[in-house]
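Contents: one structure, followed by commentary.
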Amino acid sequence: MHLSDEQLLEPDAEQLDHLKSCEECRYRQGNLLSMRKSLSRLPELKMERSVWRNVQVEHQMQSSVKEVRVWRHLTSALAASILALVSFLVINEFKDSHSELDSLVSENQQMYALIERLRSSEQFEYKVSVKLSQIQLDEIDLKIQKAYLDSKSDKVKTELWKERKLILQNMLSQHLEKKSLSI
Amino acid sequence: MFGKAVLGFGEKVAHTLIDRARKGDLRALEVIYDTYANACFSLAYRISDNYDLAQDITQDVFIKVMTGIRNFRGYEELGGWVRRIVSNETINRIRSTQRLHLVGEDEYFYESDGDLFNNNWLESCQDLDKLLAKLPMNSRAVLLLHEVEGFNHKEIARMFDKSESFSKVTLSRAFAQLRKYASQQKREPSNAFKR
Numbered sequence: 274m275h276l277s278d279e280q281l282l283e284p285d286a287e288q289l290d291h292l293k294s295c296e297e298c299r300y301r302q303g304n305l306l307s308m309r310k311s312l313s314r315l316p317e318l319k320m321e322r323s324v325w326r327n328v329q330v331e332h333q334m335q336s337s338v339k340e341v342r343v344w345r346h347l348t349s350a351l352a353a354s355i356l357a358l359v360s361f362l363v364i365n366e367f368k369d370s371h372s373e374l375d376s377l378v379s380e381n382q383q384m385y386a387l388i389e390r391l392r393s394s395e396q397f398e399y400k401v402s403v404k405l406s407q408i409q410l411d412e413i414d415l416k417i418q419k420a421y422l423d424s425k426s427d428k429v430k431t432e433l434w435k436e437r438k439l440i441l442q443n444m445l446s447q448h449l450e451k452k453s454l455s456i
Numbered sequence: 008m009f010g011k012a013v014l015g016f017g018e019k020v021a022h023t024l025i026d027r028a029r030k031g032d033l034r035a036l037e038v039i040y041d042t043y044a045n046a047c048f049s050l051a052y053r054i055s056d057n058y059d060l061a062q063d064i065t066q067d068v069f070i071k072v073m074t075g076i077r078n079f080r081g082y083e084e085l086g087g088w089v090r091r092i093v094s095n096e097t098i099n100r101i102r103s104t105q106r107l108h109l110v111g112e113d114e115y116f117y118e119s120d121g122d123l124f125n126n127n128w129l130e131s132c133q134d135l136d137k138l139l140a141k142l143p144m145n146s147r148a149v150l151l152l153h154e155v156e157g158f159n160h161k162e163i164a165r166m167f168d169k170s171e172s173f174s175k176v177t178l179s180r181a182f183a184q185l186r187k188y189a190s191q192q193k194r195e196p197s198n199a200f201k202r
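Chains as they are written, first to last, in the numbering used here: chain L, 274 to 456; chain D, 8 to 202.
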């Protein structure tokens with residue numbers, strides 16, 4: 274059985290084996306190879322030189338578009354990074370302001386507790402200045418309560434607690450002054 | 008319009024030049040263009056039979072080459088790589104512009120009479136390009152891709168997004184049509200002295 278035209282055009286391993294032993298198929302294959310040679314000898318057509326310039330221009334345009342895309346991507350990434358950094362700082366500041374407020378409240382409580390202990394042991398003298406400080410303390414306590422009720426910012430609350438701390442420090446220093454004088 | 012006698016995808020380019028081209032050296036890229044542009048244009052033109060389209064395809068092919076060469080690995084296969092790009096590009100373009108008549112599934116059962124290669128009927132052919140231009144575009148494309156460019160049926164089928172049978176049938180049919188035109192050309196009196 275000879276090879277079909279289709280088999281001759283792209284023989285598989287078995288068909289190549291057949292070609293080795295079949296003179297008629299080899300002859301037909303020889304004709305095909307000659308035709309293939311003629312087709313391969315087709316003259317090359319010449320390309321217009323201007324196309325290279327077009328290629329360069331088009332390539333540069335595509336590269337520019339790509340660069341712009343990369344730049345846009347980078348700037349977006351940069352913007353995102355800055356935003357993340359700012360958020361981190363704001364959150365930290367928020368945390369810091371909270372911790373400052375917490376420690377101020379704690380300090381105020383400790384100082385007030387000390388004054389209360391001194392008062393209960395009658396070691397605390399109720400001088401005019403101390404009484405004035407107590408009025409100031411009552412006022413600031415009202416302000417602090419109002420600040421919490423009005424949901425004022427931590428900054429406002431911190432300032433009020435600082436003010437209260439100064440009043441308490443003043444009360445204690447007056448007491449210590451009196452003590453040292455009496456000694 | 009005619010230049011060298013053979014299609015130049017087999018031409019080699021110096022390794023150092025390919026390295027320079029990978030780094031974006033325009034002079035090196037221009038040498039690669041000069042080496043393969045005519046081969047690309049010849050293949051695109053012979054398949055499409057359209058001068059402007061073939062130029063356009065060649066332009067697009069080299070834009071792809073300029074971009075893709077950065078990632079191209081291997082020195083010896085540069086011509087083969089460019090050949091593959093131009094072949095795919097040409098088939099895609101003629102398919103998208105519907106210039107290509109694709110054989111229907113029912114036409115896959117075509118089988119030649121088994122006498123296509125009993126003699127070298129192409130030997131006495133006067134103008135092979137003229138003969139090829141008479142073939143339908145799909146026959147011309149498969150014939151050139153298989154017989155001249157060395158693609159196998161599997162590769163051609165992939166390019167056309169068809170089965171291997173499509174490539175086999177189209178190829179043997181192309182040979183049969185070419186033989187018919189060749190015998191007609193032989194019978195026609197020479198036009199040399201016609202006005």
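Just so it is clear, CB atoms sit at the ideal spot from N, CA and C, and this is done for glycine as well.
Note that the structure is a prediction, hence the values are computed from the model and not measured.
Within the same chain, Cβ atoms closer than 8 angstroms to the Cβ of T65/D are found at A44, C47, F48, A51 and V93, the five residues on either side in sequence being excluded. The shortest CA-to-CA distance from E412/L to any of H448/L, L377/L, W434/L and D285/L is the one to W434/L.
Counting only Cβ-Cβ distances below 7 angstroms, G121/D has contacts in chain L at S277 and D278, in chain order. Cβ neighbours of M384/L within its own chain (closer than 6 angstroms, five residues either side excluded): L441. In the three-state reduction of the DSSP assignment, Q447/L falls in the helix class, which pools H, G and I. Taking the beta carbon of K19/D as reference, no residue of chain L falls within 8 angstroms; the closest one sits roughly 16 angstroms away. Distance from the CA atom of R186/D to the CA atom of D67/D, rounded to whole angstroms, is 34 angstroms. In terms of beta-carbon proximity, G87/D stays away from the interface with chain L, with every pair separated by 8 angstroms or more. Between the beta-carbon of E321/L and that of Q62/D there is about 7 angstroms, and that keeps the pair under the 8 angstroms contact cut. For A181/D, the secondary structure class from DSSP, reduced to helix, strand or coil, is helix. For E83/D, the secondary structure class from DSSP, reduced to helix, strand or coil, is coil. Ranked by Cα distance from L142/D, the first of E162/D, L178/D, S172/D and H160/D is L178/D. As the crow flies, the alpha-carbon of F167/D is around 10 angstroms from that of V149/D. Listed by position along chain L, the residues whose Cβ is nearer than 8 angstroms to that of A44/D are M320, V324 and W325. Contacts with chain D at 8 angstroms (Cβ-Cβ) do not include L289/L. With respect to chain L, the C-beta atom of G75/D has no partner C-beta closer than 8 angstroms.
When rounded, the separation of the alpha-carbon atoms in E331/L and L315/L is 31 angstroms.
About 26 angstroms separates the beta carbons of N95/D and M308/L, which is beyond the 8 angstroms limit, so they are not a contact pair.
S307/L belongs to the set of residues whose beta carbon lies under 8 angstroms from a beta carbon in chain D. For L60/D, the closest C-alpha among the options R102/D, K19/D and I25/D is that of R102/D. Between the C-alpha atoms of S313/L and I25/D there is a straight-line separation of about 27 angstroms. The alpha-carbon separation between R299/L and G17/D amounts to approximately 27 angstroms. Counting other Cβ atoms within 10 Å of its Cβ, S190/D stays below 16 and is therefore classed as exposed. Straight-line measurement puts the Cα of K175/D at about 16 angstroms from the Cα of E156/D.
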